[in-house]
Amino acid sequence: MSIAEGIAKAAQNVVNMEANTMQIFSRNPRGSGFRSYSKKETDCFQKIRKENNFGPLLAHAPYTMNLASPKESVYEFACMVIREDIVRMDSLFIENIVLHPGSHTGIGAGAGIENIIAGLNQAVTGKESITILLETMSGKGTEIGRSFEELKAIRDGVIHPEKIGVCLDTCHVFSAGYDIVNDLDGVLEEFDRVLGLDLLRAVHLNDSMMPFASHKDRHAVIGQGQIGWEALLRVIEHPALKELPFYLETPQDDQGHKQEIRKMREALGV
Ligand code: FE
Ligand code: FE
Ligand code: ZN
26 MSIAEGIAKA
36 AQNVVNMEAN
46 TMQIFSRNPR
56 GSGFRSYSKK
66 ETDCFQKIRK
76 ENNFGPLLAH
86 APYTMNLASP
96 KESVYEFACM
106 VIREDIVRMD
116 SLFIENIVLH
126 PGSHTGIGAG
136 AGIENIIAGL
146 NQAVTGKESI
156 TILLETMSGK
166 GTEIGRSFEE
176 LKAIRDGVIH
186 PEKIGVCLDT
196 CHVFSAGYDI
206 VNDLDGVLEE
216 FDRVLGLDLL
226 RAVHLNDSMM
236 PFASHKDRHA
246 VIGQGQIGWE
256 ALLRVIEHPA
266 LKELPFYLET
276 PQDDQGHKQE
286 IRKMREALGV
C-alpha cells in the first residue's frame with residue numbers, strides 16, 4: 026500500500042521514530058484550511074495504527090481559533106472550526122481533540138469562559154466518541170486556562186461535561202506557576218482536588234525556555250530548559266501519569282524527536 030499521502034505517511038513516520046502515538050493538527054494550525062483524506066489514505070492510516078498498537082491519538086485544534094473572543098467574526102469562526110473538527114476527527118476514530126480554551130482580550134475571564142461554554146455547547150452533541158480536551162495554558166496575556174479552576178469552570182458550565190477532559194502541558198503549567206520541579210506531588214494533588222485526576226487524558230511533554238511562573242510560552246527540548254531532564258523524567262514515571270499518552274511538542278525535527286524518545290526510553294529502561 027502506498028503511504029505517500031499525508032495522514033498515513035505521518036503514522037508511518039511515528040513508527041520510524043519508534044513512537045507509538047501521535048498528535049496531528051485537525052486543520053492548518055495557523056489558518057483555516059484542511060485537506061480531505063481519501064479512503065485509501067485513511068485505510069492505510071488505520072492499518073498502520075492498528076498493526077503498531079498505537080495508544081490514544083490526539084488531534085490539536087488550530088491556534089487561530091478563539092472561543093473566548095468578544096469579537097463576533099473571530100468567535101463565529103472558532104465555533105465553526107470546533108464544530109467541524111470534532112466531527113472530522115471523530116470520523117477518523119481519533120480518541121481526543123485538544124484545544125486552547127482562548128483569550129478573553131479584555132472582557133474578563135468570567136465573560137470569556139461564558140463564551141467558551143456556549144461555543145462548546147453548539148459543537149458537542151454528547152453522541153460523539155471523541156473526547157474534547159482543554160489544555161492547561163501558561164496564562165500569557167488574557168489567556169484562559171492558566172489555572173485548574175478556570176478549566177473546571179468551563180467543564181462545569183457545559184451541557185455535556187462527560188465529553189470534556191484535560192490535557193496537561195508541562196511547559197505551560199510550569200510557566201503558569203505550578204511547581205512541577207520541586208513539588209510534582211503537590212501539583213497533582215491540587216489537580217485532583219480541583220478537577221479530578223480521572224479527567225487527565227493526555228500530557229504534552231515539553232521543557233520550558235522561560236522561567237517558572239513567567240506566563241510565557243516557549244517550548245524547549247527535554248533537558249534543555251528550565252524544567253530540566255530529571256523533573257521531566259519524574260513526570261513520565263509518576264504513578265498517576267504513567268499510563269497516559271505523552272506527546273512531544275519540542276522544537277525538533279523528526280530525527281531530533283527520534284533521538285529524544287530514545288534517550289528517555291534508555292533513561293527509564295522502557
Ligand atoms: Fe497546545
Ligand atoms: Fe501543548
Ligand atoms: Zn505551548
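Take any residue in the sequence shown, note its place counting from 1, add 25, and you have its number in our numbering.
The C-beta atom is built at its ideal place from N, Cα and C for all residues, glycine as well.
Three-way DSSP call (helix, strand, coil) for residue i in this model
| i | result |
| --- | --- |
| residue 45 | coil |
| residue 193 | strand |
| residue 141 | helix |
| residue 120 | coil |
| residue 111 | helix |
| residue 205 | coil |
| residue 200 | helix |
| residue 226 | strand |
| residue 156 | strand |
| residue 263 | coil |
| residue 295 | coil |
| residue 26 | Annotation note: pLDDT 40 at residue 26 (below 50); position unreliable, coordinate value reported separately. In the structure shown, residue 26 sits in coil (DSSP, three-state: anything other than H, G, I, E or B). |
| residue 98 | helix |
| residue 286 | helix |
| residue 127 | strand |
| residue 242 | coil |
| residue 86 | coil |
| residue 273 | strand |
| residue 232 | strand |
Alpha carbon of residue i to alpha carbon of residue j, nearest angstrom
| i | j | result |
| --- | --- | --- |
| residue 98 | residue 90 | 11 Å |
| residue 94 | residue 169 | 11 Å |
| residue 239 | residue 68 | 44 Å |
| residue 28 | residue 73 | Reliability of the predicted coordinates at residue 28 is poor, the pLDDT of 47 falling under 50, and the value obtained from them is presented with this limitation in mind. Taking the straight line joining both Cα atoms gives about 10 Å. |
| residue 128 | residue 167 | 5 Å |
| residue 26 | residue 116 | Note that residue 26 scores 40 on pLDDT, short of 50, meaning its location in the model is unreliable and no value can be drawn from it. |
| residue 221 | residue 176 | 11 Å |
| residue 92 | residue 44 | 32 Å |
| residue 279 | residue 50 | 16 Å |
| residue 289 | residue 283 | 10 Å |
| residue 266 | residue 76 | 25 Å |
| residue 164 | residue 241 | 7 Å |
| residue 62 | residue 32 | 8 Å |
| residue 58 | residue 258 | 37 Å |
| residue 209 | residue 250 | 17 Å |
| residue 65 | residue 36 | 14 Å |
| residue 112 | residue 153 | 8 Å |
| residue 236 | residue 228 | 20 Å |
| residue 287 | residue 136 | 45 Å |
Anticipated Cβ contact below 8 Å, residue i with residue j, distance rounded
| i | j | result |
| --- | --- | --- |
| residue 157 | residue 122 | 6 Å |
| residue 87 | residue 53 | 6 Å |
| residue 107 | residue 148 | 5 Å |
| residue 155 | residue 120 | 7 Å |
| residue 293 | residue 262 | 6 Å |
| residue 199 | residue 138 | That pair is no contact at about 23 Å. |
| residue 161 | residue 134 | Not really, about 15 Å apart at Cβ, beyond 8 Å. |
| residue 46 | residue 79 | 5 Å |
Residue from the options with nearest C-alpha to residue i
| i | options | result |
| --- | --- | --- |
| residue 173 | 190, 34, 185 and 152 | 190 |
| residue 193 | 50, 215, 207 and 31 | 215 |
| residue 81 | 270, 260, 130 and 88 | 270 |
| residue 233 | 66, 41, 111 and 248 | 248 |
| residue 186 | 198, 151 and 199 | 151 |
| residue 105 | 257, 133 and 141 | 141 |
| residue 223 | 237, 199 and 188 | 188 |
| residue 109 | 251, 47, 60 and 287 | 60 |
| residue 206 | 160, 254, 134 and 218 | 254 |
| residue 264 | 237, 236 and 213 | 213 |
| residue 83 | 56, 134 and 48 | 48 |
| residue 56 | 38, 103, 227 and 291 | 103 |
| residue 219 | 202, 201, 181 and 256 | 181 |
Cβ shell of residue i (< 8 Å), same chain only, five flanking positions each side left out
| i | result |
| --- | --- |
| residue 276 | 244, 245 and 246 |
| residue 211 | 204 |
| residue 285 | 246, 247, 273, 275 and 277 |
6 Å Cβ shell around residue i - same chain, five flanking residues per side excluded
| i | result |
| --- | --- |
| residue 231 | 195, 196, 244, 274 and 275 |
| residue 85 | 48, 50 and 123 |
Spatial neighbours of residue i in its chain, beta-carbon cut-off 7 Å, leaving aside the 5 residues before and after
| i | result |
| --- | --- |
| residue 146 | 183 and 184 |
| residue 130 | 94, 95 and 167 |
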